[in-house]
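**Q** One structure follows; several queries about it will come next.
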Amino acid sequence: MIAVDLGGSTVRAALIRGRIIRSATRELRGSSADGVFEEICAAIRAVRAPVHGIGIGAPGPLDQRTGTLLAPPNLPFRNFPLAARLRKEFHVPVRLENDANCFALGEALFRKGKGHRSVIGIILGTGVGGGIVLDGRLYAGRGNAGEFGHMPVSRQGRCGCGKRGCLELHASGRAVVRYARRRGLRAESAREVSLIAAGGNRKAHEAFAEMGRWLGLGLAQVVHALDPDIIVLGGGVSKSWPLFRKATLAAAREHCIVPLPPIVQGSERSSLLGAAENFRRFL
Ligand SMILES: [Zn+2]
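Take the sequence shown: its letters are residues 1 to 283, numbered as in my numbering.
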């Protein structure tokens with residue numbers, strides 16, 4: 001089967017047979033729903049494998065039951081029937097799930113969350129997503145539990161979702177870029193800021209620390225609400241974890257009245273493995 005991980009700026013597709021056999025990644029350049037849909041199809045075809053079924057993880061909010069993307073803040077989809085469109089294109093069963101849920105499931109079953117009863121996955125990418133796995137099963141609430149990215153952590157600024165002060169506004173890859181520019185650095189992406197930081201630039205380090213302080217504030221809320229056994233961080237920005245780990249843990253400790261669980265860096269592959277597992281469970 002084919003697993004797909006759709007993010008705010010890239011889409012990755014992979015052939016899965018118990019593990020990732022091979023994968024293909026495409027940058028998202030399309031500014032329309034149909035344009036991005038074509039890029040998803042291109043990534044699937046680029047894997048060059050027979051397609052028997054597609055498990056896809058995509059940014060929420062979404063409707064798993066109907067396979068519809070509702071209004072993801074960082075993609076041009078509005079009530080887009082992604083599962084139906086992929087079904088029509090490839091003539092195979094398709095299962096859609098929140099990307100952070102796929103990541104959390106993949107970590108809980110196969111990686112850092114293995115052996116833990118409650119696992120929280122947080123995706124730090126263009127936006128911020130979250131997933132909750134309890135006893136090996138996704139907890140989805142009415143469908144959209146774990147939208148930690150849109151927990152308000154301040155009253156300042158307007159998030160892509162239209163609300164004020166969301167965690168995503170303060171602790172995403174976009175936030176890192178904003179904090180870096182505010183300090184006079186020129187950077188287009190969090191990855192660029194991390195490369196500047198690797199060169200020893202103090203301002204780039206400060207930008208990540210600022211993001212980490214907000215993230216810690218958000219994680220304190222997650223711990224107060226769910227007191228999980230482990231929190232695993234994924235998404236592109238999590239690759240820079242050493243740059244914001246200290247600030248994140250300090251802020252989380254500052255705001256938390258219960259002991260912090262381990263907060264660790266996960267693997268990019270978990271989203272794909274989780275999307276595949278989610279597909280398998282619903283066959
Ligand atoms: Zn928001």
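For glycine and all other residues, C-beta sits at the position ideal for the given N, C-alpha and C.
Note that the structure is a prediction, hence the values are computed from the model and not measured.
What is the C-beta distance between Pro72 and Gly55, in whole angstroms, given that I count them as a contact (C-beta under 8 Å)?
**A** About 18 Å separates the two Cβ atoms, so there is no contact after all.
**Q** Apart from the five residues just before and just after Pro261, which ones in its own chain have a Cβ nearer than 8 Å to its Cβ?
**A** Excluding residues within five positions, the ones whose Cβ falls inside 8 Å are Val223, Asp227, Pro228, Asp229, Ile230, Ile231.
**Q** For Asp135, tell me which candidate among Met151, Leu105, Ile123 has the shortest Cα-Cα distance.
**A** Taking only the C-alpha atoms, the option nearest Asp135 is Leu105.
**Q** Let me check you understand the geometry: is the CB of His170 closer than 7 Å to at least one non-hydrogen atom of ligand 1?
**A** Because no heavy atom of ligand 1 lies under 7 Å away, the Cβ of His170 does not count as near it: no.
**Q** Is the stretch 199-219 touching the stretch 170-177, taking contact as three or more C-beta pairs under 8 Å?
**A** Short answer: they touch.
**Q** Is it buried or exposed for Gln64, if we count other Cβ within 10 angstroms and need 16 for buried?
**A** Classification for Gln64: buried.
**Q** Using 7 Å as the cut-off, classify the Cβ of Cys161 as near or not near the heavy atoms of ligand 1, replying yes or no.
**A** Checking every heavy atom of ligand 1 against the Cβ of Cys161, one is found closer than 7 Å.
**Q** Does the Cβ of Pro73 lie closer than 7 Å to at least one heavy atom of ligand 1?
**A** Flag set: Cβ of Pro73 near ligand 1.
**Q** If I'm right that Arg181 touches Ala190 with Cβ under 8 Å, what's the distance once you round it to whole angstroms?
**A** The Cβ separation is near 12 Å, so there is no contact.
**Q** Check whether the Cβ of His150 lies closer than 7 Å to any heavy atom of ligand 1, and answer yes or no.
**A** Under cutoff, so the answer is yes.
**Q** Would you mind reading off the limits of the alpha helix (DSSP H) that contains Ala175?
**A** Run containing Ala175: 173-182, per the alpha helix (DSSP H) assignment.
**Q** Using 7 Å as the cut-off, classify the Cβ of Cys166 as near or not near the heavy atoms of ligand 1, replying yes or no.
**A** At least one heavy atom of ligand 1 is nearer than 7 Å to the Cβ of Cys166, so yes.
**Q** Beta-carbon within less than 7 Å of Lys112's beta-carbon, same chain only, minus the 5 sequence neighbours each way: which residues are those?
**A** If we look at Lys112 and ignore the five residues flanking it on each side, its Cβ neighbours are Ile230, Val232, Val264, Gly266.
**Q** Mind checking which residues open and close the alpha helix (DSSP H) that includes Ile196?
**A** Its alpha helix (DSSP H) spans residues 190-198.
**Q** Would you be able to state if there are at least three C-beta pairs under 8 Å between the stretch 32-46 and the stretch 72-85?
**A** They touch, by the three-pair rule.
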